[in-house]
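Taken in order, these protein sequences are the chains called A and B.
For the first sequence, position 97 matches number 1169 in the working numbering, and the numbering has no gaps at all.
For the second sequence, position 16 matches number 20 in the working numbering, and the numbering has no gaps at all.
Virtual Cβ for every residue (Gly too), placed ideally from N, Cα, C.
Since we're looking at a predicted model, the values are computed, not measured.
Data block below; observations after.
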Amino acid sequence: MPLPLHIFVLVSVIKSALIIFFLLTAVAYTVWLERKVVGHMQNRWGPTRVGPFGLLQPAADGIKFLFKEDLTPPHVYKPLFLAAPMIAVVFALTSIAVIPFGNSFTAFGYAIPLQITDVNIGLLFILGVTSVGVYGVALAGWSSNNKYSLLGGLRASAQMISYEISLGLSLVGVLIMSGTFSLRGIVDAQAGHIWGFIPRWNVIPQFIGFFCYIMAAYAETNRIPFDLPEAETELVAGYHTEYSAMKFAMFFMAEYANMITVACLATLLFFGGWRGPIFGPTVLQVVLPVLYFVAKVVVFLFIYIWVRGTLPRFRYDQLMSFGWKFLLPLALVNLIATAIAVAW
Amino acid sequence: MISLHLVLFLAFGAVCVAGAINLLAQTHPINSALSLIAVMAALAGEYLLLGAEFVAAVQVIIYAGAIMVLFVFTIMLLNAGVEEHTKGSRVAIMVGVPGLLIGSVLMAWVILHRSGTEAVAMGALPGDPRTIGQLLFHDFLLPFELTSVLILIAIMGAVVLASKPEAIQKRKEH
């Protein structure tokens, strides 16, 4: 039964509020996880003082950011200097709107899907939003009126445009196999098993596509080994050199929210989304898929951090030639091979 | 009765026109470029209202997300400064403004009277990815392929123009 308008609005508002709350909490605890994991990898403890295992450290950080003096240097171009962090964070948070994280459940006779909205161009929506998110970084670098910031902004925009192509192409293979742009549809296309026990996940036929996606996504989110835009050994802090307090925190939030989006997309497109063994009473049948989804996303976030703790940074020309001369042809070959296999 | 559809149409249209006027009025190139992005985004909103989600998404990804990023990139790289506004030539004001007004009125009149009597309804255009793919790769395959060759030629031309003569000379020697 479709929802009447007033109930639809109510449900949407509640879902949006809950999801934004969970997303921001997840962002804060990804930062905690990163500090903790990288700490242990480098034989340190990471945060330990605030709360058990340093679990309240994100709250302390948040309070610190809120109460720090918010400096605006005198030489910046003010309107864009103020707008840039907002652009970055708004677009980073928007892409979560189309990400499904579980089946739908029935409450008071209405079917409520676990997703803010299911649009039939879901994947394109995310690609569009992330491509517009570049402006936050580019404008921050330019409006700071500082050579290090400008170089960081230029590097970021060049890098993101270059890798966006491979990113998009690496996903086309999955799209050909499932025949829809809807993220829910793509997950549904991965239902069932091969020979009764191997899950029919896209990562098995599309492992090249998955490799290209992960590489391009690391570059899109400006993470090590592709974190040239904020390479601290050469660019101070890159595009956010001149930012302090909450404005800096907004860039930080945007980066981690983008990481989470990338992890969610990898889960949905290549690893069967929320699919997994389901059993037990109705409540468990609704909760279990969400848990599977969250677990898969956490694994991807862990790999992100693992890579950060392990790999050195590329040189800029290596980054560009890797993107254009290796990743792009590989993604194209994968696309053609998939198309031929499906047409067969 | 004013429907939500009409309200949204007018809102996106207003953003579009305001962005276009701001594009001309701004003296700093980066502000002009950002206004153009606003125009593109509002146009994507109008496409969405027609039920053409695919076109709307492509509009945002290609125009707002890729082409305009390159515009902004170039402006940043050249560090283009504030431009001076000229008053404009007298001919432009005497002929251009009335010409523009007459042209728009004429166009509105033609659209209202000549083509069908009804406005295009939501979802009336074939906007879903499947139909567009069918049209592009089946019904209009030849024009599509010709366009792609044209774009390839443009890319090669850009590479030739951008590469330094010494580099070409060096490549010939090797």
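Leaving aside the five residues before and after residue i along the sequence, list all residues of the same chain whose C-beta is less than 6 Å from its C-beta, in chain order.
i	result
asparagine 1115 of chain A	none
glutamine 1129 of chain A	Trp1104, Pro1119 and Val1122
arginine 1163 of chain A	The amino acid occupying residue 1163 of chain A in the given sequence is phenylalanine; arginine does not appear at that position. Hits under 6 Å: Val1201, Val1204 and Gly1205.
aspartate 1273 of chain A	It should be noted that the sequence gives tryptophan, not aspartate, for residue 1273 of chain A. So the list reads Gln1262, Phe1343 and Gly1344, once near-sequence residues are dropped.
cysteine 1336 of chain A	Ile1171 and Val1369
leucine 40 of chain B	Leu27
leucine 1165 of chain A	Ala1329
glycine 1126 of chain A	Pro1119 and Thr1120
alanine 1403 of chain A	Ser1238, Leu1241, Ser1242 and Cys1284
phenylalanine 1282 of chain A	Val1275 and Phe1342
When DSSP labels each residue in this structure, what does residue i get in the three-state scheme?
i	result
serine 152 of chain B	helix
serine 1176 of chain A	strand
histidine 142 of chain B	helix
proline 1349 of chain A	coil
isoleucine 159 of chain B	helix
histidine 1147 of chain A	coil
alanine 1183 of chain A	strand
isoleucine 1188 of chain A	coil
isoleucine 1270 of chain A	strand
How would you list, in chain order, the residues of chain A whose beta-carbon sits under 8 Å from the beta-carbon of residue i?
i	result
proline 33 of chain B	The contacting residues do not exist; proline 33 of chain B stays about 11 Å from chain A at best.
proline 169 of chain B	Here the premise fails: no neighbours, minimum Cβ distance about 22 Å.
Between which two residues does the alpha helix (DSSP H) carrying residue i extend?
i	result
proline 1401 of chain A	1400-1415
histidine 1112 of chain A	1077-1113
leucine 1211 of chain A	1194-1215
alanine 1442 of chain A	Past the boundaries of the shown model lies residue 1442 of chain A; chain A is included only from 1073 to 1416, so the question cannot be answered.
arginine 1256 of chain A	1255-1260
arginine 1387 of chain A	Neither: arginine 1387 of chain A is in no alpha helix (DSSP H) and is coded neither H nor E.
alanine 1317 of chain A	1317-1342
arginine 1121 of chain A	Per DSSP, arginine 1121 of chain A belongs to no alpha helix (DSSP H) and is neither H nor E.
glutamate 1302 of chain A	It is not in any alpha helix (DSSP H) - glutamate 1302 of chain A carries neither H nor E in the DSSP assignment.
leucine 116 of chain B	101-117
serine 7 of chain B	Segment: none, serine 7 of chain B is in no alpha helix (DSSP H) and carries neither H nor E.
lysine 1219 of chain A	1219-1250
alanine 37 of chain B	33-53
threonine 1293 of chain A	Per DSSP, threonine 1293 of chain A belongs to no alpha helix (DSSP H) and is neither H nor E.
methionine 80 of chain B	72-82
alanine 1367 of chain A	1354-1382
valine 62 of chain B	57-62
If we count the other Cβ atoms within 10 Å of its Cβ and call it buried at 16 or more, is residue i buried or exposed?
i	result
tryptophan 1117 of chain A	exposed
arginine 118 of chain B	exposed
serine 167 of chain B	exposed
glutamate 1292 of chain A	buried
lysine 1319 of chain A	buried
glutamine 181 of chain B	Residue 181 of chain B lies beyond the stretch modelled for chain B, which goes from 5 to 178, so this question has no answer here.
methionine 1232 of chain A	buried
leucine 1391 of chain A	buried
glycine 107 of chain B	exposed
proline 1361 of chain A	buried
phenylalanine 144 of chain B	exposed
alanine 1321 of chain A	buried
histidine 1312 of chain A	buried
arginine 1294 of chain A	Note that residue 1294 of chain A is asparagine in the sequence shown, not arginine. Buried, since its Cβ has 16 or more Cβ neighbours within 10 Å.
glutamine 1357 of chain A	exposed
tryptophan 113 of chain B	exposed
isoleucine 1332 of chain A	buried
Short of 7 Å in beta carbon distance, which residues of its chain neighbour residue i, apart from the five on each side in sequence? Order them along the chain.
i	result
histidine 32 of chain B	Val86
alanine 1210 of chain A	Gly1225, Ala1228 and Ser1229
isoleucine 1184 of chain A	Val1083, Ser1176 and Phe1177
phenylalanine 58 of chain B	Gly131, Asp132, Pro133 and Ile136
Looking at residue i and the ligand NAP, is the gap between the Cβ and the nearest heavy atom below 7 Å?
i	result
leucine 154 of chain B	The ligand NAP is absent from the structure shown, which contains no ligands of any kind.
Cβ closer than 8 Å: which chain B residues qualify as neighbours of residue i?
i	result
serine 1203 of chain A	Val64, Ile65, Ala68, Gly69, Ala70 and Val73
alanine 1335 of chain A	Ordered by position in chain B, no residue passes the 8 Å Cβ test against alanine 1335 of chain A, which lies about 21 Å from the chain.
valine 1191 of chain A	Glu57
glycine 1264 of chain A	Going along chain B, no residue has its Cβ under 8 Å from glycine 1264 of chain A, so there is no contact; the nearest lies around 24 Å.
valine 1206 of chain A	Gly69 and Val73
phenylalanine 1094 of chain A	Chain B residues near phenylalanine 1094 of chain A: none, gap ~26 Å exceeds 8 Å.
Listing by chain order, which chain B residues have their CB less than 9 Å from the CB of residue i?
i	result
alanine 1230 of chain A	Phe77
isoleucine 1296 of chain A	The contacting residues do not exist; isoleucine 1296 of chain A stays about 23 Å from chain B at best.
Along chain A, which residues have their Cβ under 7 Å away from the Cβ of residue i?
i	result
leucine 81 of chain B	Leu1226
So with CB distances below 7 Å, who are the chain B contacts of residue i?
i	result
glycine 1200 of chain A	Ala61, Val64, Ile65 and Gly69
isoleucine 1258 of chain A	Within 7 Å Cβ-Cβ: nothing; isoleucine 1258 of chain A doesn't reach chain B, min ~13 Å.
leucine 1400 of chain A	Result: empty, since nearest Cβ-Cβ is about 14 Å, beyond 7 Å.
Could you work out which residues of chain A lie near residue i, taking near to mean beta carbons separated by less than 9 Å?
i	result
proline 102 of chain B	Neighbours of proline 102 of chain B on chain A: none; closest Cβ ~35 Å, over 9 Å.
Using C-beta distances below 8 Å, list every residue in its chain close to residue i, excluding the 5 sequence neighbours before and after it, in chain order.
i	result
alanine 61 of chain B	Ala48
aspartate 1190 of chain A	Val1170, Pro1172, Ser1254, Leu1255 and Arg1256
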